[in-house]
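Chemist: Under our numbering, residues 42 to 280 are what the sequence shown spells out, in order. Here a beta-carbon is modelled for each residue, glycine too, at the ideal position from N, C-alpha and C. Quick one: the structure is below, and I'll ask about it shortly.
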Amino acid sequence: MGVQQSLADDAYELILERILDGRLEPGSALSVPALARSTNLGRSPVREAVQRLIYEGLAQHVHNRGAVITKLRPADLPDIFEAKEPLEGIAARRAAANVTDADLEKLWDLVDQQTRAAETTPVAAGTLMRLDVEFHLLIAELSGSATLLAVLGQFTTRTHLVVPAAWNKPVFAQASIDEHAAMVRAIASADTHNAEQAAASHTRNVCTRLMRWLAEDQASLGRTARRDAGLHAVTRHQS
C-alpha cells in the first residue's frame with residue numbers, strides 16, 4: 042500500500058467517524074478544502090475519500106453543491122433491512138463456528154461500552170452509533186468473509202443515515218444493547234443455528250423499532266404543526 046492510499050484510508054475513516062457521531066449530518070456538504078484543513082490531510086487523499094463515500098452510496102454529488110452526505114428516505118429502511126437480515130444471520134453463524142475467547146472478550150467489551158454510553162445524560166447517541174457499527178463489523182470480520190464484511194459495512198452505516206436521532210432515545214438504545222448481548226451469548230455457545238437466529242431477529246427488531254419511532258415522530262410533528270397553526274389563527278383573530 043502506497044503512502045497516498047494510506048492517507049486516503051485515514052481520511053475516509055476520519056470522515057466516516059464524523060458521520061457516525063453526528064458531527065456531519067445527512068445532507069451536509071463534504072467540502073474537500075474544509076475537510077483537508079480539519080483533518081490535517083492534503084486535498085488529494087480527502088478528495089479520494091469523498092469519492093469512495095460516493096461510490097459506497099454514503100454520499101452523492103449534487104449539482105451546484107458538490108458532494109453531500111446521502112439523506113436516505115425512511116421508506117428505504119424496509120428494503121435495506123430485508124437485504125441485511127440474512128447476511129447478518131450468516132455472519133453470526135460463521136462467527137459462532139470460529140470464535141475464540143479473545144474474540145468474545147472484544148465483543149463483550151463493545152457491549153459494555155454501549156451500556157455505559159446509554160447511561161449518560163444525555164445519551165451519547167453519536168458514540169452509540171459508532172459502537173453499533175463496530176459491533177456488527179466485528180461479527181462480520183469473525184465470519185472470515187471479506188465479502189460479508191464489505192457489504193454489511195455499507196448496510197450498517199447506511200441505516201444510521203436515516204434516523205440517527207433514534208439513538209437519543211434510551212429505550213431504543215437499551216433494546217439494541219440487550220439484543221447485542223443475546224447475540225454474543227449465542228455466538229459464545231458455538232450454537233450456529235441460535236447465533237444465526239439471534240442476529241436475524243435483532244435485524245428485524247431494529248427495523249420495527251425504527252419504523253415505529255419514525256411514525257411516532259411524524260405524528261408528534263403533525264400535532265405540533267396543528268397546535269401552532271391554531272395559536273396563529275387565534276392571534277390573528279384577536280389582533
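#1: Between the alpha carbons of residue 239 and residue 56, how many angstroms are there, rounded?
#2: Taking the C-alpha atoms as reference points, what is the distance between residue 42 and residue 97?
#3: Rounded C-beta distance between residue 181 and residue 132? I'm assuming under 8 Å.
#4: Any idea which residues DSSP pairs residue 70 with across the strands?
#5: Taking DSSP as the reference, what is the three-state secondary structure of residue 207?
#6: Specify, as a first and last residue, the run of the alpha helix (DSSP H) that residue 231 falls within.
#7: Spatial neighbours of residue 235 within its chain, please: CB distance less than 7 Å, with the 5 preceding and 5 following residues excluded, ordered by chain position.
#8: So, helix, strand or coil for residue 102, using DSSP?
#9: Taking the alpha-carbon of residue 211 as reference, which of 252, 199, 163 and 88 has the nearest alpha-carbon?
#10: Would you mind stating whether residue 109 and residue 71 have Cβ atoms separated by less than 8 Å?
#11: Taking the alpha-carbon positions, what's the residue 39 to residue 82 distance?
#12: Buried or exposed for residue 52, going by 16 or more other Cβ atoms inside 10 Å?
#13: So residue 216 and residue 254 are in contact, right, with Cβ under 8 Å, and what is the actual spacing, rounded?
#14: Does the Cβ of residue 257 have 16 or more other Cβ atoms within 10 Å, making it buried, or fewer, making it exposed?
#15: Considering only the beta carbon of each residue, do residue 152 and residue 225 sit closer than 8 Å?
#16: Can residue 250 and residue 126 be called in contact, C-beta distance under 8 Å?
#17: Reducing DSSP to helix, strand and coil, say where residue 282 ends up.
#18: Go through its chain and collect everything with a Cβ distance to residue 231's Cβ below 8 Å, but skip five positions before and after it.
#19: Please go through the same chain and pick out, in chain order, the residues whose beta-carbon is closer than 7 Å to the beta-carbon of residue 262, but skip the five residues on each side of it.
#20: I believe residue 203 touches residue 118 by the beta-carbon criterion, under 8 Å. Please report the beta-carbon distance rounded to the nearest angstrom.
#21: Suppose you measure from the CA of residue 95 to the CA of residue 194; what does that come to, to the nearest Å?
#22: In its own chain, which residues sit with a C-beta less than 8 Å from the C-beta of residue 145, not counting the 5 before and 5 after it?
#23: Identify which residue in 222, 64, 49 and 142 has its Cα closest to the Cα of residue 170.
#24: Label residue 54 either buried or exposed according to how many other C-beta atoms from any shown protein chain fall within 10 Å of its C-beta, with 16 as the threshold for buried.
#25: According to DSSP, simplified to helix, strand and coil, what is residue 139?
Modeler: Based on what the coordinates show:
#1: The sequence position of residue 239 within the sequence shown is 198, counting from 1. The sequence position of residue 56 within the sequence shown is 15, counting from 1. Taking the straight line from one Cα to the other gives about 31 Å.
#2: Here residue 42 is taken as the residue at index 1 of the sequence shown, counted from 1. Here residue 97 is taken as the residue at index 56 of the sequence shown, counted from 1. In this prediction, residue 42 scores a pLDDT of 49, lower than 50, which makes its location untrustworthy; the coordinate-derived value is nonetheless stated afterwards. Each residue's Cα considered, the two are about 21 Å apart.
#3: Numbered from its first residue, the sequence shown carries residue 181 at position 140. Numbered from its first residue, the sequence shown carries residue 132 at position 91. That pair is a contact at about 5 Å.
#4: What you label residue 70 is simply residue 29 of the sequence shown in a count that begins at 1. In the DSSP output, where bridge partners are listed per residue, residue 70 has 109.
#5: Locating residue 207 in the sequence shown gives position 166, where the first residue counts as 1. Here residue 207 sits in helix by DSSP.
#6: In the sequence shown, residue 231 corresponds to position 190, counting from 1. Looking at the DSSP string, residue 231 is not in any alpha helix (DSSP H), and its letter there is neither H nor E.
#7: Position 194 of the sequence shown holds residue 235. Within the same chain, residue 235 has close Cβ partners 227.
#8: Walking along the sequence shown from the start, residue 102 turns up at place 61. In the structure shown, residue 102 sits in a strand (DSSP, three-state: E or B).
#9: If you number the sequence shown from 1, residue 211 lands on position 170. Nearest option by C-alpha distance: 163.
#10: Here residue 109 refers to the residue found at position 68 of the sequence shown. Here residue 71 refers to the residue found at position 30 of the sequence shown. Yes, these two residues count as a Cβ contact at 8 Å.
#11: An answer regarding residue 39 cannot be provided, because it is not within the stretch 42 to 280 covered by the chain.
#12: Walking along the sequence shown from the start, residue 52 turns up at place 11. The residue in question, residue 52, is buried, as its Cβ has 16 or more Cβ neighbours within 10 Å.
#13: Along the sequence shown, read from residue 1 onward, the residue named residue 216 stands at position 175. Along the sequence shown, read from residue 1 onward, the residue named residue 254 stands at position 213. With a Cβ gap of about 11 Å, residue 216 and residue 254 do not count as contacting.
#14: Against the sequence shown, residue 257 aligns to sequence position 216. When all chains shown are included, residue 257 counts as exposed.
#15: Position 111 of the sequence shown, counted from the first residue, corresponds to residue 152. Position 184 of the sequence shown, counted from the first residue, corresponds to residue 225. Yes. Within cutoff.
#16: Residue numbering aside, residue 250 sits at position 209 when the sequence shown is read from its first letter. Residue numbering aside, residue 126 sits at position 85 when the sequence shown is read from its first letter. Contact flag unset, no.
#17: A question about residue 282 goes unanswered here, because the residues of the chain that appear run from 42 up to 280.
#18: Translated into positions along the sequence shown, residue 231 becomes position 190. Around residue 231: 137, 138 and 140.
#19: Here residue 262 refers to the residue found at position 221 of the sequence shown. Low confidence applies here, because residue 262 scores a pLDDT of 46, under 50, leaving its location unreliable; read the following figure in that light. Here the set comprises nothing.
#20: As a first step, residue 203 is located in the sequence shown; it is residue number 162 there, counting from the start. As a first step, residue 118 is located in the sequence shown; it is residue number 77 there, counting from the start. Confirmed, Cβ separation roughly 6 Å.
#21: Position 54 of the sequence shown, counted from the first residue, corresponds to residue 95. Position 153 of the sequence shown, counted from the first residue, corresponds to residue 194. Rounded to the nearest angstrom, the two C-alpha atoms are 14 Å apart.
#22: What you label residue 145 is simply residue 104 of the sequence shown in a count that begins at 1. Contacts found: 225, 228 and 229.
#23: Your numbering for residue 170 matches position 129 in the sequence shown. When each option's Cα is compared against that of residue 170, the closest is 64.
#24: The residue given as residue 54 occupies position 13 in the sequence shown. Residue 54 comes out exposed.
#25: Residue 139 sits at position 98 when you count from the first residue of the sequence shown. Reduced to three states, the DSSP call for residue 139 is helix.
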